[in-house]
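Those protein sequence lines, which keep their order, are chains A and B. To convert, note that position 48 of the first sequence is 48 in this note's numbering; the numbers rise steadily by one, no gaps. Positions in the second sequence are counted from 1; adding 1000 to them yields this note's numbering. Virtual Cβ for every residue (Gly too), placed ideally from N, Cα, C. To start, the structure under review is shown below, and the notes come after it.
There are 2 protein chains.
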Amino acid sequence: MGEKLEQLKTHLYRPLDLNYAAAVLGWDQQVFMPPQGTEARANQLATLSGMAHEIFTSEKTARLLEAAEGEVAGLDYDSDEASLVRVTRRNFDLQTKIPTELVVRHSQATSKGFTAWQQARAASDYAQFQDNLAEIMDISRERAEYLGYVDHPYDALLNQFETGMKAAQVETLFTALKTGLAPLVQAIAAADPIDESFLEKREYDLERQWDFTMLLLRDMGYDFQRGRQDKAPHPFTTNFSSQDVRVTTRLIKNRPHSAFFSSLHEGGHALYEQGSPQKFDRTPLAGGATLGLHESQSRMWENQVGRSIPFWEHYFPIMRAFFPEQLADVAFEPFYRAINVVKPDLIRVEADEVTYNMHIFVRFELEKDLLTGALKVADVPEAWNAKYREYLGITPPDDAQGCLQDVHWSSGLVGYFPTYTLGNLIAAQLYAQAQQDLPGLEAGFARAEFAPLLNWTREKIHHHGTKFTAPELLQRELGQEISAQPLLDYLWARYGAIYHLK
Amino acid sequence: MGEKLEQLKTHLYRPLDLNYAAAVLGWDQQVFMPPQGTEARANQLATLSGMAHEIFTSEKTARLLEAAEGEVAGLDYDSDEASLVRVTRRNFDLQTKIPTELVVRHSQATSKGFTAWQQARAASDYAQFQDNLAEIMDISRERAEYLGYVDHPYDALLNQFETGMKAAQVETLFTALKTGLAPLVQAIAAADPIDESFLEKREYDLERQWDFTMLLLRDMGYDFQRGRQDKAPHPFTTNFSSQDVRVTTRLIKNRPHSAFFSSLHEGGHALYEQGSPQKFDRTPLAGGATLGLHESQSRMWENQVGRSIPFWEHYFPIMRAFFPEQLADVAFEPFYRAINVVKPDLIRVEADEVTYNMHIFVRFELEKDLLTGALKVADVPEAWNAKYREYLGITPPDDAQGCLQDVHWSSGLVGYFPTYTLGNLIAAQLYAQAQQDLPGLEAGFARAEFAPLLNWTREKIHHHGTKFTAPELLQRELGQEISAQPLLDYLWARYGAIYHLK
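Structure, rendered in structure tokens:
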């Protein structure tokens, strides 16, 4: 590695370490922090992110980056050296557009916003969060202006999470997905309903649920020497290097499968981060590339793997052993169908995978209108409820089950939601390819053999770190563009079978 | 508050926030971090403390500090404004004396030293730590030279932890304490031994021990809205503001009283930090003044309160209810005597309060000789064992139970140990005064009424934050200098009764 590049790498230690430190503080805030710690934590996070931003966007970075660009000119696009400089340049150009003042204001607004949201949700009272959301939306609008866009301010925000993706492309993909899903949803609605009373009406001990989630994480290949699982009201994954990647889950007495799918989901995110090559640690190449790619990893484990028949051929007997009283009278097929019930639900994170994307459509459309001002912050609950009636045919009875359910806006994550559906699309594309590449893949699930899939994703996705964007990676590894058809094919096949559709 | 002072305060936000963030990372490291997280965490902590030091010792701090000094000249010594500037000046002058080069070398030596110490202790092999200790002692010697001293290099190091205290003063106090303790230790050795078999030979459920420690913390006035307790191999207290003050404890099956005293001890530290006025948050006036004062708070709750008869008149019945099988056949007096057994022990942190200070004398004397070179690093184990024979009449069978038992030296904390005994002395002085000021104080303990004592310490100690040094505070609130007699009086009275001495 050349001298200039080495200087750039060393210079980036500070902003990277500051951001990792902020991630530790953020993890603590969501998992363990006592209630009164909020204000000081907000200050600390603002200081860390402000300083990281200041150093990263400094003249010195500009100078070192330019020098390093000279040094790597002519190197292979795929090489670690050229990639490190390219990714740094992209982040630098993005970040330098945002003034530090806005970064600090954003951090403070979202720290306070998070607390306000928690209280508002507990009280199911949107009014307690409205002013915070208004402030966060104002900052998001400013941010979009600073970042710049050609077609729609949404493009500027989305690009932060999914490099190069535009609202118009998302809309095209979403339209294809909506069109293909509508007849499936209708067919399922017309089919015989599935009995899930043995889940809903029975209580599943929380400690045993916890043990089961730990077993799943171990089996899928999550490394507890380099991570841990805790409980959090809103499950998430975070990491402070490839050697410390943490997941969280949530346990509900009469929804054991909810915790299992949650741990598989977060475990999928974590495998991506644990699969980031150690040589990339403490560089901008470490970790997952885009949020859509990240979500493709979590979704593949949660859905393609975790909702498959062979998977439950292995785990259903174990689950019966964990919960003998609750499941003694339940046979495999009724069980398998019950955990895969398709039913419009008010809560996104509880949604089945057929209706899940409807929740995303709602948020994508509301966010776009909030950004342009076509929707006023005061009118969010009403607009939210109207969209739920339109897309899911149900009306939230209160704000806690409506527009207050997600943490994202309170954390300033506007333009983020579409990456969930993009992740679903990419997961289906990747999984279809993995099935072609790995004969007997699903048969192995019935023996809890997940290493072939993990190794496949390590090679195709994880070991590239942040080198490539989602379109680049799909082109390179699959020769494909992002498309809706593989997900539609997968959903029709799986739920056609579960609901005995023709 | 004047404009210049306001500018100084704002400038100090960053180094203070960086240090608080480092404290969060340190807490996580000791409580929850997975094993492989070590290397990245060391980098993150080095970045945070390096940046905090750089900003705090910068030209800008010097300039703002000087301007603020001009502004507060003539203000009352006790005022918040004058105190903030005075404390900042003191810290600034200390920190700027150390060149950044030494700070970095210190950080590297102690990072390596800590790992080497852990391995050496696990192998009980001093040779594996010897070179690291030699390096750390060299750096400590250099540090003392940079900091400057008149009489003894030890003064320079001690002053970092206990402002204004000198080795000669410590020696005088320690000599008085030794002289007064010797006949007490002899008398106890000659007395009938106390039966503690119902502790040592029975198992006390760890979850109930935990619940009991939580009850104690609640009763003493620890605010769980502004803190939490977790488990840690080596209990400690840390804080990230006055609104987030965390304690840890350690549970051992056949030593339930160990966990209770540990939680009372850490709870005492925590009450000090939670008692720091909120207006001082995010300023150098926040928190406890010196380590000796801090230890006086922890020790008072652990010993003067937690080892008193009235305290156990309240808690013994509760403890029997928590552990009915283990304590059904145990009456109050045998129980009370058993948890207060005096017995020379190899391990400082397991020592009773009569012999505890002997452990400190050993370390203080060795440290002084190591600094002057009168003792060679190679000869530490031999010298250590000789001192244990001299002061405690026992010989460590190996280095793990001898000179490798404490973390302090490996972390570069040389000159720190005396503050433990200073804390014991101050605790006794404060408590004697509290008894005079608060009639019926101990009778209240029998009803779990601790608010009078807590309020007294709030007023006398906590609400001053870091304004005053230990000698200043004792003079101001008690009209006393630090002295050994109150601790001797207290120990003779308490253990004379427990051991039925004449």
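Identified DSSP bridge partners for residue i
i       : result
A:D249  : Reading off the sequence, residue 249 of chain A comes out as Thr, not Asp. A:T249 is bridged to A:K231.
B:A1241 : Here residue 1241 of chain B is Ser; the residue named in the question, Ala, does not match the sequence. Partner(s): B:D1244.
Limits of the unbroken alpha helix (DSSP H) element including residue i
i       : result
B:S1276 : Here B:S1276 belongs to no alpha helix (DSSP H), and DSSP marks it neither H nor E.
A:W384  : 380-392
A:I318  : 309-322
B:L1438 : No alpha helix (DSSP H) contains B:L1438, which DSSP labels as neither H nor E.
A:H463  : A:H463 -> no alpha helix (DSSP H), and no H or E assigned at all.
A:F332  : 332-338
B:E1295 : 1291-1299
A:K502  : Counting along the chain, A:K502 falls outside any alpha helix (DSSP H), and DSSP gives it neither H nor E.
B:D1155 : 1153-1161
A:D17   : 3-31
A:E207  : 206-220
A:K178  : 167-190
A:I194  : Element bounds for A:I194: n/a, residue is neither H nor E.
A:I55   : 38-56
A:D138  : 127-147
A:D369  : 356-372
B:R1063 : 1059-1072
B:E1472 : 1470-1478
Within chain B, the residues that residue i reaches when beta carbons sit closer than 7 Å
i     : result
A:A21 : A1021, L1025, Q1044, L1048
A:M33 : D1244
9 Å Cβ cut-off: residues of chain B touching residue i
i      : result
A:A510 : Lying before the first or after the last residue shown, residue 510 of chain A is absent from chain A, which here runs from 1 to 502.
A:D219 : Going along chain B, no residue has its Cβ under 9 Å from A:D219, so there is no contact; the nearest lies around 18 Å.
Cross-chain neighbours of residue i in chain B, by beta carbon under 8 Å
i      : result
A:G37  : R1226, F1240, S1241, Q1243, D1244
A:M506 : Look at the range of chain A in this structure, 1 to 502, and you will see that residue 506 of chain A is not part of it.
A:R14  : T1047, M1051
A:D151 : Here the premise fails: no neighbours, minimum Cβ distance about 39 Å.
A:D345 : Simply none; closest approach about 33 Å.
Under 7 Å from the C-beta of residue i: neighbouring residues of chain A
i       : result
B:M1214 : The premise fails here: B:M1214 is roughly 14 Å from chain A at the closest Cβ pair, so nothing lies under 7 Å.
Chain A residues whose Cβ lies nearer than 8 Å to that of residue i
i       : result
B:D1379 : Chain A residues near B:D1379: none, gap ~39 Å exceeds 8 Å.
Residues within the segment 227-255 of chain A neighbouring chain B, beta-carbon criterion of under 9 Å: Going along the segment 227-255 of chain A in chain order, one finds G227, R228, D230, F240, S241, S242, Q243, D244, V245, R246 with a Cβ nearer than 9 Å to chain B.
Going residue by residue through the segment 1075-1114 of chain B, where are the continuous alpha helix (DSSP H) segments of at least 4 residues, counting only ones entirely within it? Runs of the alpha helix (DSSP H) inside the segment 1075-1114 of chain B: 1080-1097.
Give the residues from the segment 121-134 of chain A that approach chain B closer than 9 Å (Cβ to any Cβ), ordered along the chain. Residues: none.
Using a Cβ-Cβ cut-off of less than 8 Å, give me the residues of the segment 1050-1067 of chain B that come near chain A, in sequence order. Listed by position along the chain: M1051.
Chain-ordered residues of the segment 389-402 of chain A with a beta carbon less than 8 Å from chain B: From the segment 389-402 of chain A, no residue has a Cβ closer than 8 Å to chain B.
What are the residues in the segment 1191-1215 of chain B lying within 8 Å of chain A by C-beta distance? Answer set for the segment 1191-1215 of chain B: empty.
Would you list, in chain order, the members of the segment 1465-1491 of chain B that have their beta-carbon closer than 8 Å to a beta-carbon of chain A? Those would be none; no residue qualifies.
At a Cβ cut of 8 Å, what residues of the segment 1068-1101 of chain B count as close to chain A, listed as they run along the chain? Of all residues in the segment 1068-1101 of chain B, none has a Cβ within less than 8 Å of some Cβ in chain A.
Near-chain B residues of the segment 309-333 of chain A (beta-carbon distance less than 7 Å), N- to C-terminal order: The residues in question: there are none.
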